[in-house]
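Colleague:
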Amino acid sequence: MDQDSALKTSVYTKHHQPAELGDAPQSTVSLATRTNQGPALAGSLLLLPLLFLVVSCSNPAPFEQDLDRYTLGLSRILDQRRAVEPTQTLRPPRTLGSSGVNTEASIDLLDFLRTSPCALHALISAHNASLGKLGDRITQLVYQVQFLQLAPACIARLEASYPELSSQLNAVMKRKQHALAADVRAAMLSGPEWQQFWQPRTTLHDYPSRQQSNLEATLLALINASSQLLDTSFEGGPGYLHETSQPLQSGEGGLLILAWSELAEQLSTANKIIDTFMATRPLCYRGQSNPRAEQLNGLVLNVFVQAVQPQVARLNQRTYALLPLILQLEQSLDADTDPAYRAFMTARQDRIDRAKDQLEQHVERLNHLLSSCGLAPSKPN
Numbered sequence: 206m207d208q209d210s211a212l213k214t215s216v217y218t219k220h221h222q223p224a225e226l227g228d229a230p231q232s233t234v235s236l237a238t239r240t241n242q243g244p245a246l247a248g249s250l251l252l253l254p255l256l257f258l259v260v261s262c263s264n265p266a267p268f269e270q271d272l273d274r275y276t277l278g279l280s281r282i283l284d285q286r287r288a289v290e291p292t293q294t295l296r297p298p299r300t301l302g303s304s305g306v307n308t309e310a311s312i313d314l315l316d317f318l319r320t321s322p323c324a325l326h327a328l329i330s331a332h333n334a335s336l337g338k339l340g341d342r343i344t345q346l347v348y349q350v351q352f353l354q355l356a357p358a359c360i361a362r363l364e365a366s367y368p369e370l371s372s373q374l375n376a377v378m379k380r381k382q383h384a385l386a387a388d389v390r391a392a393m394l395s396g397p398e399w400q401q402f403w404q405p406r407t408t409l410h411d412y413p414s415r416q417q418s419n420l421e422a423t424l425l426a427l428i429n430a431s432s433q434l435l436d437t438s439f440e441g442g443p444g445y446l447h448e449t450s451q452p453l454q455s456g457e458g459g460l461l462i463l464a465w466s467e468l469a470e471q472l473s474t475a476n477k478i479i480d481t482f483m484a485t486r487p488l489c490y491r492g493q494s495n496p497r498a499e500q501l502n503g504l505v506l507n508v509f510v511q512a513v514q515p516q517v518a519r520l521n522q523r524t525y526a527l528l529p530l531i532l533q534l535e536q537s538l539d540a541d542t543d544p545a546y547r548a549f550m551t552a553r554q555d556r557i558d559r560a561k562d563q564l565e566q567h568v569e570r571l572n573h574l575l576s577s578c579g580l581a582p583s584k585p586n
C-alpha cells in the first residue's frame, strides 16, 4: 500500500445516538521522516489519531496476535516490563422485567364459553392448550398482540348481550395494552438469539478480518418487527421472529466487544511502556537516530501501521455499520428503562470510547518519541 498517500480517517460518534454515514468527520495525519537517518519510514509514516476506514491490501494475521506482537516488541526495544490486564467479560442481563400479566384468569369458564361467536375464543382456546402455556416469551408475546388485535371486535359484539363480560374483556385488553411495551422489550432482549449475539468470547479467531455480511438486514427486520409488535400491527408468528433472529447466533456482538476491549488493554499497556521509558531517559539525543530508535521505527511501520491499523479500520467499519442499528433497536424498545440493561449499554460504549482514547494517546506518544529522533509530524492535509 502506498505510504505517501493520505489515508482518510473516520470516527464513530462517542455518543449513544447514531451518526449519519455522510456526516462522519474526516482528517489525515502523517509523520514525515528524514531520508538520511537509518531505515526511515518510506515517505510518510501514516499514523492513525483515531480510526481510519480503509482496508489493507494484505491479509493480516489475527488481530490479537498483531496487538500482542506489537506490545511485546515495544517492551523489548524500550527494555520495559509488559503487563497486559485481562479483559473483563461484558454481556446484557439474561432476563428483563416483564409485566407478568395473566389476565385471562379473571374470565371464568361460563364467560369464556360465551365468547364463542368471536375469533378471540379460538385464540384463547389454542393458548390454553399445553403448547401455548409452555411457550417461550416470543410465543407469549405474539399471543398477547393477537389478543389485542381481536379483542375490540369481540368486546363490541358482546356488549349488547353480555355487557358484564364485555366490560371484563375490555379491562383485560387495557391491562395487556399497558403491559405491552415491557413485554416486547423483555421478549426481544432476553431471547436466546439476542443473548447469543452478545455471548462473551475468549478469542477473536479471524475477527475482524472476516465478518458476517447479513446482520444489517437482520437488525433492520427486527427493528421493523418490534415497531409492529408495539403498535399491534404484527401479522407474523413466533416462528418468523425466531427465524429472523437466527443470524444473531453468530455472536458478532461478543466479538465486537472483545475486539475493542483487547485494543484498549493492549494500547494502554503500550502507552505505559512508553511513559515509563520516557520518564527515565530520551529515546534520542540532539535529534540523532540510534539503533534503538531504528528498531522502534521498524516496529511501528511493520506492525502498528501495516498490521494493527488495517484491522482497527475493519473493526471501526463494522462498529459503524452495526452499532447505529443496535442502538435504534434498543431505543425503540426503551431498553434504557431497565437498569441492568442500561448499565450494559453504558459499559459497552465505555469500552469503545476507551479504546479510541488509548489509540489517540498512543499516536501522540509515538509522535513525541519519533520527533525526538528527527521525525516531525506533518500538519493534517
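Mapping of the sequence shown onto this note's numbering: residues 206 to 586, in sequence order.
All C-beta atoms in this analysis are idealised placements derived from N, C-alpha and C, irrespective of residue type, glycine included.
#1: Using only the alpha-carbon positions, how far apart do leucine 363 and serine 371 sit?
#2: Expressed to the nearest angstrom, what Euclidean distance is found between the alpha-carbon atoms of alanine 247 and glutamate 499?
#3: Cα separation between serine 395 and proline 515?
#4: With a threshold of 8 Å between beta-carbons, can alanine 540 be considered close to chain D, or not?
#5: Could you check where the alpha helix (DSSP H) with arginine 556 kicks off and where it finishes?
#6: DSSP on glutamine 354, reduced to helix/strand/coil?
#7: In or out: glycine 278 buried (at least 16 other Cβ within 10 Å) or exposed?
#8: Using only CA atoms, which one of Phe268, Leu295, Ser280 lies nearest to phenylalanine 549?
#9: Do leucine 346 and valine 513 come within 8 Å of each other at the CB atom, strictly closer than that value?
#10: Can you give the Cα-Cα distance for leucine 460 and serine 466, rounded to whole angstroms?
#11: Is the stretch 540-556 touching the stretch 441-456, taking contact as three or more C-beta pairs under 8 Å?
#12: Exposed or buried, which one is cysteine 262 when buried takes at least 16 other CB atoms within 10 Å?
#13: Buried or exposed: which applies to lysine 561, given that a residue is buried once 16 or more other Cβ atoms fall within 10 Å of its Cβ?
#14: Just mark leucine 226 as buried or exposed, buried being the case when its beta carbon has 16 or more other beta carbons within 10 Å.
#15: Relative to the C-alpha of phenylalanine 268, which residue among Leu409, Ala426, Thr485, Gly503 is closest?
#16: Quick one: residues in its chain with C-beta nearer than 7 Å to the C-beta of valine 389, no 5 flanking neighbours on either side, listed in chain order?
Modeller: Here's the rundown:
#1: In this structure, the CA atom of leucine 363 is about 5 Å from the CA atom of serine 371.
#2: Note on alanine 247: pLDDT 35, under 50, position unreliable in the model; the coordinate value appears next. Those two C-alpha atoms are separated by around 13 Å.
#3: Near 35 Å, if we compare the C-alpha coordinates of proline 515 and serine 395.
#4: Although the question refers to chain D, the structure presented lacks it and comprises just one protein chain.
#5: 544-576
#6: helix
#7: buried
#8: When only C-alpha atoms are compared, the closest one is Leu295.
#9: no
#10: If you take the alpha carbons of leucine 460 and serine 466, they lie about 10 Å apart.
#11: With the cut-off at 8 Å, the stretch 540-556 and the stretch 441-456 do not touch.
#12: Reliability of the predicted coordinates at cysteine 262 is poor, the pLDDT of 42 falling under 50, and no value is obtained from them.
#13: Buried.
#14: Only weak support exists for where leucine 226 lies, its pLDDT of 32 falling under 50; the value from the coordinates is given anyway. Under this definition leucine 226 is an exposed residue.
#15: Leu409
#16: These residues qualify, in order along the chain: Leu346, Ser431, Leu434, Leu435, Leu538.
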